[in-house]
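For reference, the structure is listed below as structure tokens.
There are 2 protein chains.
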Amino acid sequence: MDTTCDCGRCKHDICIHRVPIFSTLNEKEISNIAELINHHDYKKGEIVVSEGDSIDSIIIMNQGSAKAFKYTLEGREQILYIFAEGDFFGEKNLLSNQRATFFVEALQDIKTCSLSRYQFQKLLYKYPDIGIKIIDELGKRLSRLENSLQSMGVRNVDSRLGSLLIDFQEKFGVSVSEGTLIQLPLSREGMANYLGVARETVSRKLGQFEQEGIIRTINNKSILITDQDSLNMVAGSA
Amino acid sequence: MDTTCDCGRCKHDICIHRVPIFSTLNEKEISNIAELINHHDYKKGEIVVSEGDSIDSIIIMNQGSAKAFKYTLEGREQILYIFAEGDFFGEKNLLSNQRATFFVEALQDIKTCSLSRYQFQKLLYKYPDIGIKIIDELGKRLSRLENSLQSMGVRNVDSRLGSLLIDFQEKFGVSVSEGTLIQLPLSREGMANYLGVARETVSRKLGQFEQEGIIRTINNKSILITDQDSLNMVAGSA
DNA sequence: CGGACCATTGATAATTGTCAAAATTCGTGG
DNA sequence: CCACGAATTTTGACAATTATCAATGGTCCG
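Respectively, the protein sequence lines represent chains A and B. Residue 1 is where the first sequence starts when you use this note's numbering, and the numbers rise one by one after that. Residue 1001 is where the second sequence starts when you use this note's numbering, and the numbers rise one by one after that.
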């Protein structure tokens, strides 16, 4: 079975192959779906979706990462998700004509695949498994958000920042001889917006972690975790 | 078509009638499903589900309300949802053997309906519409959680408390001559745990709202909203 | 190399948490 | 229906944390 799609860029693998919600389908089914897919490129900083847009497609991250956010009443950005490869969004608009509930902005140059609501609904009726996969995926996303809410509820900013570093570590960390190196997807301000604290507070706390020998900051863009146990401690208790 | 189920308590209407996810089904289909349903009663304060439980059913609220919560690292309760009549939970355990991710506790004496995972999966394959309904409902729940997270990011406690009152108003409010009367589902402490602030702070803020003529507190259990515009202002800005 | 942008640091103010005590409310049983 | 004890809530004083503002210092990229 030929798994090369005709989109002109996923040379060795159909992009939707990477998407968990299609994982129960066989090669032929995936090939059929591939033909229904549209592709888009966005540059770093470009807005993929704006809050209030009536998008009529489900959008799948094919390459790079993006942040989903809303504005708080104070005008500050509140980040909700970091979408990485294989993640999707827009499923809320699947049946209802509900509009997009948040902004999505490319954190690097990214590539997306999209599937129209109409096509997607036909798929769902044809392959109920996909529906179950989506329910499963939405459940996971709910769990993650519930965990975020739980962390936000921790009044201690140290814990919250510690948890964020661990999250990033799991998603973007690479093992090196001295510990784990994280390529930060967000600036200090971005992290502050994720945690709901002031930019300066993030600086101070990171400075404090560095003094305590837990991390080493490298050029604003990377952080080296040098003492995993202490980080777990900070994130996990007092 | 007879719509009386044999559960012995929903005399005039099958309980699942109230559940949005079954709303696309006809009377006969609903009757068939009714036979598969189990019923349970819980007293106020009883735990319906504990975090870590491996529940094998989807549970539907039939009467009364319940709170879903997790414990923060500090040992404080963080409330995630208030489930009212027609809401369901346990859908995360639908396919994966994932365990319950939060506690659910009855806020009054409640009645629930449950449907085993096995039965539920069969239904999903038979009626793909139910799957779509669930995706829709989960999408709404995600939106709500995203909004909560957004509010948690608002540093201003006044706004957050104002928003909570408006939420309660929409769910539990009754119009009276002097304004809107809310039967509070949660105690002061409960509200504090929802907002992630100290109990005393909720007291003080409510006192402040009362001084400003926005609300009138009645016996700890009810609040009368006397100045809707001001409340919207507080919730919506400064 | 220079300018724009981002991050850090310091000083101060504002907000909220904590602890303790008093007041109110609730529910039960007489 | 009232009274009493338990539970919850309110209030006050103080401490701790974080936000804000302003100035300085670094970093990135053409």
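The C-beta atom is built at its ideal place from N, Cα and C for all residues, glycine as well.
Taking the alpha carbon of residue i as the point to measure from, which residue in the options has its own alpha carbon closest?
i: B:D975; options: B:V1176, B:I1223, B:K1205, B:E1189; result: Chain B is shown from 1001 up to 1238; residue 975 of chain B falls before or after that span and cannot be answered.
i: B:T1101; options: B:N1032, B:S1054, B:Q1063; result: B:S1054
i: A:L164; options: A:G75, A:G52, A:Y194, A:L124; result: A:Y194
i: B:E1077; options: A:E170, A:E210, A:V154; result: A:V154
i: B:S1245; options: B:F1103, B:Y1042, B:F1168, B:D1041; result: Because chain B spans 1001 through 1238 in this model, residue 1245 of chain B falls outside it and cannot be assessed.
i: B:E1046; options: B:A1068, B:L1124, B:G1052; result: B:A1068
i: B:S1187; options: B:L1073, B:I1218, B:E1170; result: B:I1218
i: A:F89; options: A:N97, A:S114, A:N156, A:G75; result: A:S114
i: A:G52; options: A:R99, A:T72, A:Q121, A:Q150; result: A:R99
i: A:P185; options: A:G207, A:S203, A:N220; result: A:N220
i: B:L1123; options: B:D1136, B:L1094, B:Q1150; result: B:L1094
Under a CB-based cut-off of 7 Å, is residue i close to chain A?
i: B:L1161; result: no
i: B:E1200; result: no
i: B:S1143; result: yes
i: B:P1128; result: yes
i: B:T1024; result: no
i: B:Y1194; result: no
i: B:K1070; result: yes
i: B:L1115; result: no
i: B:L1186; result: no
i: B:L1241; result: Residue 1241 of chain B is absent from the structure shown; chain B starts at 1001 and stops at 1238.
i: B:G1239; result: The structure shown does not extend to residue 1239 of chain B, since chain B is modelled only from 1001 through 1238, so no value can be given for it.
i: B:C1007; result: Residue confidence for B:C1007 is low, a pLDDT of 49 falling below 50, so the modelled location carries little weight; the figure read from the coordinates is stated next. No - not a single Cβ of chain A is within 7 Å of the one on B:C1007.
i: B:Y1042; result: no
i: B:T1101; result: yes
i: B:M1152; result: yes
i: B:L1149; result: yes
i: B:G1064; result: no
i: B:L1138; result: yes
Answer with yes or no whether the minimum CB distance from residue i to chain B is below 7 Å.
i: A:Q208; result: no
i: A:P20; result: no
i: A:L80; result: yes
i: A:G190; result: no
i: A:K92; result: yes
i: A:I134; result: yes
i: A:Q119; result: no
i: A:M233; result: no
i: A:S230; result: no
i: A:T4; result: Unreliable positioning characterises A:T4 in this predicted model, as indicated by a pLDDT of 39, which lies under 50. The coordinate reading is nonetheless provided below. No, no contact with chain B.
i: A:E146; result: yes
Who are the near neighbours of residue i in its chain, counting only those whose CB is closer than 7 Å to its CB and skipping five residues on each side?
i: B:D1227; result: G1213, I1214
i: B:I1030; result: I1014, I1016, H1017, F1022
i: A:Q63; result: E85, I110, K111
i: A:A235; result: S159, G162, S163, I166
i: A:S175; result: none
i: A:A66; result: V48, F83, V104, E105, A106, L107, I110
i: B:G1173; result: T1180, L1181, I1182
i: B:G1196; result: Q1078, M1152
i: A:Q169; result: T180, I182, I225
i: A:V19; result: I60, G86, F88
By Cβ distance, which residues of its chain are closer than 8 Å to residue i, with the 5 residues on each side in sequence left out?
i: B:E1091; result: I1058, I1134, L1138
i: B:A1198; result: A1192
i: A:E210; result: R216, T217
i: B:T1201; result: V1157, A1192
i: A:S230; result: E212, G213, I214
Please list, in chain order, all residues of the same chain as residue i whose beta carbon is under 6 Å from its beta carbon, the five residues on each side excluded.
i: B:L1161; result: K1205
i: A:N232; result: none
i: A:H40; result: T112
i: B:K1044; result: A1106, Q1108, D1109
i: A:G190; result: none
i: A:Q119; result: L36
i: B:N1032; result: none
i: A:G8; result: Residue placement at A:G8 cannot be trusted, given a pLDDT of 48 that sits under 50; the coordinates are not used to answer.
i: A:R141; result: none
i: B:K1070; result: Q1078, F1102
With a threshold of 6 Å, establish whether the CB of residue i neighbours any heavy atom of the ligand FAD.
i: A:M61; result: Annotation note on the ligand FAD: not contained in the displayed structure, which lists no ligands.
Suppose only complete runs of 4+ residues qualify. What are the alpha helix (DSSP H) ranges in the stretch 1140-1222 of chain B, listed by chain order?
1157-1172, 1188-1195, 1199-1211
Kindly confirm or deny that the stretch 73-87 of chain A and the stretch 31-38 of chain A touch, where touching means at least three C-beta pairs closer than 8 Å.
no
Do the stretch 49-58 of chain A and the stretch 138-146 of chain A touch if we need at least three Cβ pairs shorter than 8 Å?
no
Is there contact between the stretch 173-184 of chain A and the stretch 217-227 of chain A, where contact requires at least three CB pairs shorter than 8 Å?
yes
Mind the definition here: the stretch 117-134 of chain A touches the stretch 1125-1142 of chain B only if three or more C-beta pairs lie below 8 Å; say whether that holds.
yes
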